[in-house]
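>
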Amino acid sequence: MNIQRSYGKHESGTLYLVPTPIGNLDDMTFRAVKTLQAADLIASEDTRNTQKLLNHFEINVPQKSFHEHNYRERIPELIRLLKEGQMIAQVSDAGMPSISDPGQELVAACIAENIPVVSLPGATAGMTALIASGLSPQPFYFYGFLQRKKSQQKKELEQLKNQTATMIFYESPHRVKETLKNVEQVLGARQVVICRELTKLYEEYIRGDVQEVIDYVSEHPLKGECCLLISGFNGEVAEEIVEGTMKEQVEQLIEEGLSSKEAIKEVAKRNQVKKQEVYKLFHDL
Numbered sequence: 001m002n003i004q005r006s007y008g009k010h011e012s013g014t015l016y017l018v019p020t021p022i023g024n025l026d027d028m029t030f031r032a033v034k035t036l037q038a039a040d041l042i043a044s045e046d047t048r049n050t051q052k053l054l055n056h057f058e059i060n061v062p063q064k065s066f067h068e069h070n071y072r073e074r075i076p077e078l079i080r081l082l083k084e085g086q087m088i089a090q091v092s093d094a095g096m097p098s099i100s101d102p103g104q105e106l107v108a109a110c111i112a113e114n115i116p117v118v119s120l121p122g123a124t125a126g127m128t129a130l131i132a133s134g135l136s137p138q139p140f141y142f143y144g145f146l147q148r149k150k151s152q153q154k155k156e157l158e159q160l161k162n163q164t165a166t167m168i169f170y171e172s173p174h175r176v177k178e179t180l181k182n183v184e185q186v187l188g189a190r191q192v193v194i195c196r197e198l199t200k201l202y203e204e205y206i207r208g209d210v211q212e213v214i215d216y217v218s219e220h221p222l223k224g225e226c227c228l229l230i231s232g233f234n235g236e237v238a239e240e241i242v243e244g245t246m247k248e249q250v251e252q253l254i255e256e257g258l259s260s261k262e263a264i265k266e267v268a269k270r271n272q273v274k275k276q277e278v279y280k281l282f283h284d285l
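1 is the number of the first residue of the sequence shown in UniProt numbering; add one for each residue after it.
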C-alpha cells in the first residue's frame, strides 16, 4: 500500500509529469511553463524536439534523453538524482507522458522508492478528439496504437468486438485506410471519426460510417498523425447479407453439407419468413 501526499516536505525530490502541446504551442499551460522553469532537469523523449519548446518559452534547464530505447539504463540514474533532492520534469514529444509514450516505468520505479509523482493536466489527443467527434463521450475506451500486422490487428479487433464504449485509437496516416478495412471486416458497419492534425492549421474531422470514410481516404490520402474513433457495439447483430433466391440459398447450403430440412430452416431464419414458404419455393409447390 502506498499513500502519497504530493505537497509538503519530502526527503527526496519530486517527479513532475508535464504535458506538452499536441500541435498549438498556445495550449501550454502557465503551470507547465513554471514547472519546467523550476526543474533541475527535464527528462525528454526527444531532446531536440523539446529544445524547440524550451526556446519558445525561454526556459534554460538541462535535458536528459528518456525514451523507449534507453529507459532501462536511465531510470536508475533519474531515481538517484531524485533521491538526492532534485526536481525532475518528464515530458514526451506531444501530449501526456505515459500515454503511448515513455513514462510508466519511471513512475512505477518512483512509487516503489516512495518518491512523489505529480501529474499536471494538459493537452491529450484522445480526449480532445473525443469531445468533438459526435460519438458518445462516455463511456469511452482508450486503446492507443493497434498492432501493425494485419493478422494481429484483426485479432485485437476481435477482442474489442463487443466493447460498448466509444473506442479511441492512434494511427499513422499511411496505415489508417488498411486499419479501416479491418474494422469493417471485423466490427461491421460502425460509425467512425478520423481527427487529423489536431490543434493545427489544417485540423480536420472526417465523420461517417466506416465504408464512407474508407471511400473518402482512398481518394484523399491523409497527412499528419490521426486519431481514430469507433462507435461501440450497440447490441444489435448486423443482418447477414444473403444473395440469390431463397431456393438458390437452400441449394447452396445443401452443397455445404446441410440436410434439406436444416437448409430450409436456416434460409427461413435468414430471410425472416416462415419455413413453409421456403419449403414450397424449394419444392416448386
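For glycine and all other residues, C-beta sits at the position ideal for the given N, C-alpha and C. Just so it is clear, the structure is predicted and the values come from calculations on it, not from any experiment.
(1) Do residue 61 and residue 41 have their CB atoms nearer than 9 angstroms?
(2) Which first and last residues belong to the beta strand (DSSP E) in which residue 167 is found?
(3) What is the rounded straight-line gap between the Cα of residue 23 and the Cα of residue 95?
(4) Taking its Cβ as the centre, do 16 or more other Cβ atoms sit within 10 Å of residue 273, making it buried, or is it exposed?
(5) Just the Cα atoms here: how many angstroms apart are residue 193 and residue 124?
(6) Use the C-beta contact count for residue 191: other C-beta atoms within 10 angstroms, 16 or more gives buried, fewer gives exposed.
(7) Within its chain, find whatever has a CB closer than 7 angstroms to the CB of residue 176; leave out the 5 residues flanking it on each side and keep chain order.
(8) Let me make sure I understand the geometry here. Which of 235, 15, 119, 129 has the alpha-carbon closest to that of residue 162?
(9) Take every Cβ of the region 121-135, pair it with every Cβ of the region 19-33, and state whether three or more of those distances are shorter than 8 angstroms.
(10) Assign residue 277 to one of three DSSP states: helix, strand, or coil.
(11) How is the beta strand (DSSP E) around residue 63 delimited, first residue to last?
(12) Quickly, what does DSSP pair residue 227 with across the bridge? List them, please.
(13) Can you tell me where the alpha helix (DSSP H) with residue 115 in it begins and where it stops?
(14) Please report the distance separating the alpha-carbon of residue 159 from that of residue 126.
(15) Measure the C-alpha to C-alpha separation of residue 260 and residue 180 and round it to an integer number of angstroms.
(16) Kindly indicate which three-state DSSP category residue 5 falls into: helix, strand or coil?
(17) Just the C-alpha distance for residue 16 and residue 270, rounded to the nearest angstrom, thanks.
(18) When you compare the CB positions of residue 253 and residue 268, do they come within less than 9 angstroms of one another, or not?
On the basis of the coordinates in this document:
(1) Cβ atoms of residue 61 and residue 41: closer than 9 angstroms.
(2) For residue 167, the enclosing beta strand (DSSP E) stretches over residues 166-171.
(3) For residue 23 and residue 95, the distance between alpha carbons rounds to 9 angstroms.
(4) With fewer than 16 other Cβ atoms within 10 Å, it is exposed.
(5) Cα to Cα, residue 193 sits roughly 17 angstroms from residue 124.
(6) Under this definition residue 191 is a buried residue.
(7) Same-chain partners within the cutoff: 194, 217, 222, 226, 228.
(8) Comparing Cα-Cα distances from residue 162 to each of 235, 15, 119, 129, the minimum goes to 235.
(9) Pairwise C-beta distances place the region 121-135 in contact with the region 19-33, as three or more of them are shorter than 8 angstroms.
(10) Here residue 277 sits in helix by DSSP.
(11) Element bounds for residue 63: 63-65.
(12) In the DSSP output, where bridge partners are listed per residue, residue 227 has 170, 195.
(13) Counting along the chain, residue 115 falls outside any alpha helix (DSSP H), and DSSP gives it neither H nor E.
(14) Roughly 21 angstroms separates the two Cα atoms.
(15) Cα to Cα, residue 260 sits roughly 39 angstroms from residue 180.
(16) Note: residue 5 maps to coil in three-state DSSP.
(17) Rounded to the nearest angstrom, the two C-alpha atoms are 58 angstroms apart.
(18) No, the pair does not count as a contact, with Cβ atoms beyond the cut-off.
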